[in-house]
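Just below is one structure, and these are the notes that go with it.
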Amino acid sequence: MKPVLELQKIHKEFPGIVANDQIDLTLNRGEVHTILGENGAGKSTLMNIISGLYVPDSGSIFLEGKPLYIKNPAQAIAHGVGMVHQHFMLIPNHTVSENIILGTPQTFRLQKSRVRQQINELGTRYGLVLNPDLRVQDLSVGEQQKVEILKVLFRGAKILILDEPTAVLTPQESEALYKILHQMKKDGHSILFISHKMKEVIELSDRITVLRHGKVKATRNRGETNPSELARLMMGESTIQTPEIKTKASQFTSDQSQNTTIVRLKNAGLRHELGHWLLQNINMEIRAGQIVGLAGVAGSGQASLAEVLVGLRNLDTGEYQFAGEEKKGASVSELIHKGVGYIPEDRKRYGIAPHLEVA
């Protein structure tokens, strides 16, 4: 069977580093081909070359057996190659439909009703149903990823590249993504899947190519390998030992009495700007020395609750006490001063300022 996509001797260097070193790779129609490797192995660079973000220093790409020269993402999508990046390429204050059609050749000629129809049809077929009129900034991370997938499908992509798509997803969202990929396979789409999560690699892949230090170490069919072999190929060790880890409950016990209540919410309620409830009648206590987990599918209110606790949002109803003091309406700086820290769901967007130095 002739591969739908073939890479021959792809080479790419950056100052001081060889990112891709003479890479050979094939992708068959209706296949999930996983590119496995540690951080820095060259996975994302290779996918950026295929999707047109980078131009290789040397080597050749063939599509359906014909030479393919890709100089930018527009050329890639014109040939049916689309990429869903690990860090989404969306405009937060635009709607779902606006993000999907933005940049398409017919953007200014598309009828809104026709766009909505196509989005709904794609969403229904692949389990990507979203309200086209919602703004991206109001969506969860998992829902934003659905927008990215809809973008490439709307543009007619038959080859999809997914760069560590489950890195930002909950387990439930990851399972939903797996179902989407299985349906795409049935429809003849070919998928390049970047990951370093062994469990999902074994479950999803038809074939697996391992990269290490920019080179292909091996390509295996799923049934011909196992996690131990793949780990050895990734890390370059003949034997990988997993030390037994023993923990004691006392390791997680605070010096403070566990009877001390640090956080108390009473009948807490928070409304969205559009009027619906994000949180309603929440009652919760967190005591010193406790680890409290909040579980729920996307949109259940976990992110909103975290934003309340750190002062990014103020409750509309109810009480919020921290260390015995009323903090409803407290500022972020005040709560940080009290010892509240926050690592947001979307760390790149909300947790850091990428243009600033680490210090």
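Take the working numbering: the final residue in the sequence shown is number 1532, and no numbers are missing along the way.
Beta carbons are placed, not taken as given, at the ideal position from N, Cα and C, and that holds for glycine.
* To do: Tell me, to the nearest whole angstrom, how far the beta carbon of Val1483 is from that of Leu1452; I am working on the premise that it is less than 8 Å.
  => Actually they do not touch by this definition, with Cβ atoms about 14 Å apart.
* How would you write the range of the beta strand (DSSP E) that Arg1437 sits in, first residue to last? -> Looking at the DSSP string, the run of the beta strand (DSSP E) that includes Arg1437 is 1434-1444.
* Inside the segment 1197-1282 only - beta strand (DSSP E) runs reaching at least 3 residues -> Runs of the beta strand (DSSP E) lying entirely within the segment 1197-1282, each at least 3 residues long, are 1205-1209, 1231-1236, 1254-1257 in chain order.
* Using alpha carbons as the reference points, say which of Leu1403, Lys1331, Gly1474, Met1262 lies closest to Gln1317. => Its Cα nearest to that of Gln1317, the residue Met1262 stands out among Leu1403, Lys1331, Gly1474, Met1262.
* **Nearest-angstrom Cα separation, counted from Leu1333 out to Arg1202** => Arg1202 and Leu1333: Cα-Cα distance of roughly 11 Å.
* **Straight-line gap, Leu1241 to Glu1446 (C-alpha atoms, nearest Å)** => Linking Leu1241 to Glu1446 through their CA atoms gives a straight-line distance of about 48 Å.
* Proximity below 8 Å, CB of Leu1377 to CB of Tyr1351 -> Pairing Leu1377 with Tyr1351 gives a Cβ-Cβ distance under 8 Å.
* Asked: Who are the Cβ neighbours of Pro1229 in its own chain at under 8 Å, not counting the five residues just before and after it?
  -> Contacts found: Ile1183, His1184, Lys1185, Asn1193, Ile1222.
* Option in Val1389, His1362, Ile1353, Thr1398 with minimal Cα separation from Lys1372 -> Comparing alpha carbon positions, the residue from Val1389, His1362, Ile1353, Thr1398 closest to Lys1372 is Thr1398.
* Asked: On the three-state DSSP scale, how would you describe Thr1297?
  -> Thr1297 sits in a helix when the DSSP states are folded into three classes.
* Do three or more CB pairs link the segment 1336-1345 to the segment 1298-1307 at distances below 8 Å? -> No contact exists between the segment 1336-1345 and the segment 1298-1307.
* Output yes or no for whether 8 Å exceeds the beta carbon distance between His1369 and Gly1213. => Not a contact, by the Cβ cut-off of 8 Å.
* To do: Below 6 Å CB to CB, which residues in the same chain sit around Ser1347 once its five sequence neighbours on both sides are set aside?
  => So the list reads Thr1339, once near-sequence residues are dropped.
* **For Leu1219 and Pro1400, the rounded distance between their alpha carbons** => Spanning the two alpha carbons is a distance of roughly 23 Å.
* Residues near Lys1501 in its chain [Cβ-Cβ closer than 8 Å; skip 5 each side] -> Closer than 8 Å at Cβ, skipping near neighbours: Asn1487, Leu1488, Gly1491, Glu1492, Tyr1493.
* 6 Å CB neighbourhood of Glu1518 in its chain, flanking five on each side removed -> The beta carbon of Glu1518 sits closer than 6 Å to those of Val1314, Ala1476, all from its chain and outside the five residues before and after it, given in chain order.
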